[in-house]
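Student: Residue numbers (this note's numbering), protein chains in the order written: chain A, 56 to 343; chain B, 39 to 451. Here a beta-carbon is modelled for each residue, glycine too, at the ideal position from N, C-alpha and C. In this text the structure is predicted, and so the values were computed from the model without any measurement.
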Amino acid sequence: MSAEVFSVFYQFADVFAFLILSAAGLAIVFGMMGVINMAHGEFIMCGAYVTVGLVNLGVPLPIAQILAAVTAGLIGVLVEFLVVRRFYKRPLDSLLATWGLSLIVTQSMLLIVGSAVRGIGTPEGSFAVGGYTFSTYRLVLFGCAVAVLAGLYVIFMKTRFGVIARATMQNAAMAKALGARTGRIYAISFGIGTGLAGLCGALYAPTMTLIPTMGATFVVESFVTVVIGGANVLLGTAPAAVFLAMIRMALNASYGQIIGQIGMLVAVILIIRVLPEGLSSVLVRRGR
Amino acid sequence: MNSGLKLRMVLLGAMLGTAASMSVARAAEPPLKVGLLEDVSGDLAFMGMPKLHGSQLAVEEINKSGGILGRQIELIHLDPQGDNARYQEFGRRLLNRDKVDVLIGGITSASREALRPIVDRTTTPYFYTNQYEGGVCDASMISMGAVPEQQFSTLIPWMVEKFGKKVYVIAADYNFGQISAEWNRKIMKDLGGEVVGEEFIPLGVSQFAQTIQNIQKAKPDWLLTINVGAAQDSFFEQAAAANLNLPMGSSIKVMLGFEHKRFKPPALNNMHATANWFEEIDTPEANEFKKRWHAKFPDELYINDMGYNAYNALYMYKALVEKAKSIKLEDMRKVIATGDACIDAPEGKVCIDPKSQHTSHRMRLISVGPKHEVKVEKDYGTIQPYWLGEIGCDLTKKNDKDQYTPSHLPKKS
Numbered sequence: 056m057s058a059e060v061f062s063v064f065y066q067f068a069d070v071f072a073f074l075i076l077s078a079a080g081l082a083i084v085f086g087m088m089g090v091i092n093m094a095h096g097e098f099i100m101c102g103a104y105v106t107v108g109l110v111n112l113g114v115p116l117p118i119a120q121i122l123a124a125v126t127a128g129l130i131g132v133l134v135e136f137l138v139v140r141r142f143y144k145r146p147l148d149s150l151l152a153t154w155g156l157s158l159i160v161t162q163s164m165l166l167i168v169g170s171a172v173r174g175i176g177t178p179e180g181s182f183a184v185g186g187y188t189f190s191t192y193r194l195v196l197f198g199c200a201v202a203v204l205a206g207l208y209v210i211f212m213k214t215r216f217g218v219i220a221r222a223t224m225q226n227a228a229m230a231k232a233l234g235a236r237t238g239r240i241y242a243i244s245f246g247i248g249t250g251l252a253g254l255c256g257a258l259y260a261p262t263m264t265l266i267p268t269m270g271a272t273f274v275v276e277s278f279v280t281v282v283i284g285g286a287n288v289l290l291g292t293a294p295a296a297v298f299l300a301m302i303r304m305a306l307n308a309s310y311g312q313i314i315g316q317i318g319m320l321v322a323v324i325l326i327i328r329v330l331p332e333g334l335s336s337v338l339v340r341r342g343r
Numbered sequence: 039m040n041s042g043l044k045l046r047m048v049l050l051g052a053m054l055g056t057a058a059s060m061s062v063a064r065a066a067e068p069p070l071k072v073g074l075l076e077d078v079s080g081d082l083a084f085m086g087m088p089k090l091h092g093s094q095l096a097v098e099e100i101n102k103s104g105g106i107l108g109r110q111i112e113l114i115h116l117d118p119q120g121d122n123a124r125y126q127e128f129g130r131r132l133l134n135r136d137k138v139d140v141l142i143g144g145i146t147s148a149s150r151e152a153l154r155p156i157v158d159r160t161t162t163p164y165f166y167t168n169q170y171e172g173g174v175c176d177a178s179m180i181s182m183g184a185v186p187e188q189q190f191s192t193l194i195p196w197m198v199e200k201f202g203k204k205v206y207v208i209a210a211d212y213n214f215g216q217i218s219a220e221w222n223r224k225i226m227k228d229l230g231g232e233v234v235g236e237e238f239i240p241l242g243v244s245q246f247a248q249t250i251q252n253i254q255k256a257k258p259d260w261l262l263t264i265n266v267g268a269a270q271d272s273f274f275e276q277a278a279a280a281n282l283n284l285p286m287g288s289s290i291k292v293m294l295g296f297e298h299k300r301f302k303p304p305a306l307n308n309m310h311a312t313a314n315w316f317e318e319i320d321t322p323e324a325n326e327f328k329k330r331w332h333a334k335f336p337d338e339l340y341i342n343d344m345g346y347n348a349y350n351a352l353y354m355y356k357a358l359v360e361k362a363k364s365i366k367l368e369d370m371r372k373v374i375a376t377g378d379a380c381i382d383a384p385e386g387k388v389c390i391d392p393k394s395q396h397t398s399h400r401m402r403l404i405s406v407g408p409k410h411e412v413k414v415e416k417d418y419g420t421i422q423p424y425w426l427g428e429i430g431c432d433l434t435k436k437n438d439k440d441q442y443t444p445s446h447l448p449k450k451s
């Protein structure tokens with residue numbers, strides 16, 4: 056019996072971690088900044104490839120993963136400066152620009168690195184509960200997802216940078232008039248977003264096949280999580296992930312993966328219909 | 039004006055003269071156009087790349103040794119990027135605009151079925167070069183890969199005998215996975231075995247924690263893994279990390295997706311497959327072939343079976359055209375009807391079965407060890423693609439243009 060209870064928790068934690076890690080970066084870039092970043096999956100791919108490359112060079116996995124996230128963040132700052140900056144007032148054009156970027160990056164990776172890269176293997180470690188065996192690394196992923204949420208909360212709610220960043224996203228002109236260097240704030244926020252995307256790729260790299268289009272497997276989940284979470288990243292993304300993870304886990308367990316995926320997307324459609332502003336709109340209203 | 043006309047007449051005369059001399063010299067005939075549709079970008083690029091390479095290698099070799107009926111081959115490759123709509127668009131373009139003499143290609147069974155109705159409206163021969171779920175009875179199509187009676191009718195009884203009667207199936211959710219699972223059900227029933235679970239997975243899904251647990255709950259003796267694509271292959275890594283540790287069998291793993299080269303050992307430990315080709319085949323003919331391939335493509339990670347079949351397809355085309363002394367499909371089919379459409383392939387002699395236009399193959403059962411070493415467990419010798427003929431498909435008499443499965447058989451007439 057306890058094995059069944061634990062297995063339900065484990066499956067929930069697994070889906071939750073996947074949703075949070077893939078959506079955290081997008082929550083900042085799309086949720087807060089309003090940039091429809093179609094290249095989100097490519098930042099995830101970047102994190103995964105850098106991780107595998109570094110591990111193959113002999114760097115220990117955790118360090119490689121941190122460096123990969125940092126790399127994706129720095130590339131994000133560069134992309135913000137070169138491309139995204141020009142599209143803050145034209146969200147639909149930002150969609151096209153980042154989509155183009157995504158196509159260029161996947162094709163270049165295919166041409167330069169090749170169609171498949173040898174995996175590095177998941178860190179050893181499994182444990183048994185009742186008749187089931189579980190991978191320890193999946194719980195590490197869950198821990199990382201919780202840590203990412205906590206980190207975002209601290210950065211955006213408890214630091215001076217966070218206050219200025221939120222002010223900038225709400226009213227850039229006013230923030231600028233009060234002395235905030237909004238250009239820099241945008242660049243750093245975008246960098247944090249892509250860095251988190253890179254972290255997602257880095258964390259999932261050992262468990263997956265690496266191909267240039269791998270980012271696509273994360274993109275749908277990340278967008279639906281952010282969209283139903285609503286504009287308030289901190290109040291929206293976490294409950295959205297909890298909600299979607301419960302639906303998906305329950306359906307996966309009872310009816311298999313197809314129904315799980317369909318059910319999750321149906322839930323998303325219903326929520327957008329009932330709460331166009333996302334889950335966070337309800338929570339914010341309650342809070343007031 | 040007058041002198042201009044004269045000049046033109048002279049020029050015309052000269053042109054006619056050269057044209058006449060050209061038709062005498064055979065080598066100057068226009069090349070045969072081979073249309074090739076293979077994914078070299080998108081999700082299946084890693085499997086499709088060897089198919090392009092195999093075709094290029096065969097074209098180069100055939101051209102060097104004098105072409106087909108003295109005509110050189112021109113390969114026109116388009117990349118449909120794993121998109122079935124693009125398969126149709128590019129298929130029409132190759133058939134109707136480029137007027138290719140033969141069409142080759144398609145990776146997934148979905149892409150083949152998207153393409154087939156378009157091919158059927160023409161008189162162009164079409165070669166499908168993958169192993170697949172079998173059953174296509176169509177006079178326009180020649181299948182070069184292995185089919186269930188060569189793969190499942192060998193593998194599944196062996197797995198049942200060695201590991202037990204309970205199987206759990208994870209399959210990609212499209213025609214290939216669904217029909218392959220149907221084959222498994224039929225063969226398991228005949229063997230008195232039990233399918234303790236079946237899970238169909240949408241393409242692109244990469245997370246398998248729940249699937250792994252469902253498997254542990256069902257307690258099978260072995261797994262049939264017919265999951266497709268890079269995302270779904272993540273199953274192996276995740277199952278190994280969770281210490282699932284079950285024997286596995288498949289019709290597409292190792293020789294086709296070279297998972298044992300792409301994943302860190304021991305993720306593919308205890309995988310079994312029946313194949314007409316895998317790069318580890320160690321015969322003089324196979325080694326000679328591998329040497330030529332790696333000389334041309336030194337970076338190839340693995341020569342997979344569909345790349346190998348793609349290479350054979352061009353030689354089979356050459357054999358058919360030269361025996362028929364014609365590039366017309368109907369003349370080539372007369373050669374097939376004699377049962378004498380054979381080539382000496384790197385695996386050994388392979389022939390096209392007149393009734394179904396599928397290819398006979400030398401089948402071997404292979405297993406993967408903990409260090410991802412590949413071992414031949416059993417050699418079945420040559421197996422004919424007999425199933426379609428047995429259920430009543432006879433392309434020498436009637437063109438059904440249909441795909442049959444164990445639950446969709448031809449109507450008795």
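Three or more C-beta pairs closer than 8 Å, one from the segment 224-235 of chain A and one from the segment 63-76 of chain A: is that the case here?
Tutor: no
Student: May I ask which residues mark the beginning and end of the alpha helix (DSSP H) holding residue 255 of chain A?
Tutor: 237-259
Student: In terms of alpha-carbon separation, which member of B:151, B:287, B:91, B:116 lies closest to residue 138 of chain B?
Tutor: B:116
Student: Check each candidate in B:67, B:360, B:405, B:199 and name the one with the smallest Cα separation from residue 109 of chain B.
Tutor: Minimum Cα distance to residue 109 of chain B is reached at B:67.
Student: Counting only the same chain and skipping the five closest in sequence on each side, list residues whose C-beta sits under 6 Å from that of residue 437 of chain B.
Tutor: 177
Student: I'd like to know whether the C-beta atoms of residue 401 of chain B and residue 216 of chain B end up nearer to each other than 8 Å.
Tutor: Inclusion of residue 401 of chain B and residue 216 of chain B in the CB contact set at 8 Å is not warranted, their separation being larger than that value.
Student: Go through its chain and collect everything with a Cβ distance to residue 256 of chain B's Cβ below 6 Å, but skip five positions before and after it.
Tutor: Excluding residues within five positions, the ones whose Cβ falls inside 6 Å are 206, 234, 235.
Student: So the beta strand (DSSP E) residue 418 of chain B belongs to, where does it begin and stop?
Tutor: 412-421
Student: Using DSSP with H/G/I as helix, E/B as strand and the rest coil, what is residue 395 of chain B?
Tutor: coil
Student: Please report the Cβ distance between residue 344 of chain B and residue 146 of chain B, rounded to the nearest whole angstrom; I am assuming they are in contact, meaning their Cβ atoms lie under 8 Å.
Tutor: In fact, because the Cβ distance is near 11 Å, the residues do not count as touching under 8 Å.
Student: Would you list, in sequence order, the uninterrupted beta strand (DSSP E) runs of no fewer than 3 residues that lie entirely inside the segment 258-315 of chain A?
Tutor: Qualifying beta strand (DSSP E) stretches: none in this window.
Student: Given that a residue counts as buried once 16 or more other Cβ atoms are within 10 Å of its Cβ, and exposed if not, what is residue 141 of chain A?
Tutor: Counting the other Cβ atoms within 10 Å of the Cβ of residue 141 of chain A gives fewer than 16, which makes it exposed.
Student: Taking just the CA atoms, how far does residue 201 of chain A sit from residue 71 of chain A?
Tutor: 9 Å
Student: Looking only at its chain, what residues have a beta carbon closer than 6 Å to the beta carbon of residue 39 of chain B, apart from the 5 residues adjacent to it on each side?
Tutor: Here residue 39 of chain B scores only 43 on pLDDT, less than 50, and its place in the model should not be relied on; the value that follows carries that caveat. The answer is none, since no qualifying residue turns up.
Student: If we ignore side chains and look at the alpha-carbon of each, how far apart do residue 210 of chain B and residue 215 of chain A end up?
Tutor: 50 Å
Student: What residue range is occupied by the uninterrupted alpha helix (DSSP H) comprising residue 161 of chain A?
Tutor: 146-168
Student: Between the alpha carbons of residue 13 of chain B and residue 279 of chain B, how many angstroms are there, rounded?
Tutor: The requested residue 13 of chain B does not occur in the structure, where chain B is confined to residues 39 to 451.
Student: Taking only runs of the alpha helix (DSSP H) that begin and end inside the segment 223-274 of chain B, which ones reach a length of at least 4 residues, in chain order?
Tutor: Segments of the alpha helix (DSSP H) lying fully in the segment 223-274 of chain B: 247-256.
Student: Measure the C-alpha to C-alpha separation of residue 76 of chain A and residue 257 of chain A and round it to an integer number of angstroms.
Tutor: In a straight line, the C-alpha of residue 76 of chain A is about 10 Å away from that of residue 257 of chain A.
Student: So residue 188 of chain A is in the beta strand (DSSP E); what residue range does that whole segment cover?
Tutor: 187-190
Student: What does the Cβ neighbour count give for residue 328 of chain A, buried or exposed, with the cut at 16 atoms within 10 Å?
Tutor: exposed
Student: Is any beta-carbon of chain A found at less than 8 Å from that of residue 243 of chain B?
Tutor: yes
Student: At 8 Å on the CB atoms, spell out the chain C contacts of residue 313 of chain A, in chain order.
Tutor: Going by chain labels, chain C is absent from the structure shown, which instead holds the protein chains A and B.
Student: Pair every Cβ in the segment 170-181 of chain A with every Cβ in the segment 298-305 of chain B, then say whether three or more of these pairs are closer than 8 Å.
Tutor: yes
Student: So residue 314 of chain B and residue 184 of chain B are in contact, right, with Cβ under 8 Å, and what is the actual spacing, rounded?
Tutor: 5 Å
Student: Is there contact here, the segment 372-379 of chain B with the segment 391-398 of chain B, by at least three beta-carbon pairs under 8 Å?
Tutor: yes
Student: Give the secondary structure of residue 131 of chain B by DSSP, where H, G and I count as helix, E and B as strand, and everything else as coil.
Tutor: helix
Student: So, is the C-beta of residue 326 of chain A closer than 8 Å to a C-beta in chain B?
Tutor: False, the Cβ-Cβ gap to chain B never drops below 8 Å.
Student: If distances are taken between C-alpha atoms only, which option among B:388, B:227, B:103 comes closest to residue 444 of chain B?
Tutor: B:227
Student: Of all the residues that make up the segment 56-83 of chain A, which are near chain B by a beta-carbon distance shorter than 8 Å?
Tutor: 62, 65, 66, 69, 70, 73
Student: Beta-carbon of residue 165 of chain A versus every beta-carbon of chain B: anything under 8 Å?
Tutor: yes
Student: Give the secondary structure of residue 185 of chain B by DSSP, where H, G and I count as helix, E and B as strand, and everything else as coil.
Tutor: Reduced to three states, the DSSP call for residue 185 of chain B is coil.
Student: How far does the alpha helix (DSSP H) with residue 89 of chain B in it reach, from first residue to last?
Tutor: Under the DSSP assignment, residue 89 of chain B falls in the alpha helix (DSSP H) whose first and last residues are 83-102.
Student: Closest to residue 336 of chain B by C-alpha separation, out of B:277, B:174, B:91, B:310, would be which residue?
Tutor: B:91
Student: Would you say residue 79 of chain A and residue 207 of chain A are within 8 Å of each other, going by their C-beta atoms?
Tutor: yes
Student: Can you list, in chain order, the residues of the segment 86-105 of chain A whose Cβ is nearer than 9 Å to any Cβ on chain B?
Tutor: Here the close residues number zero.
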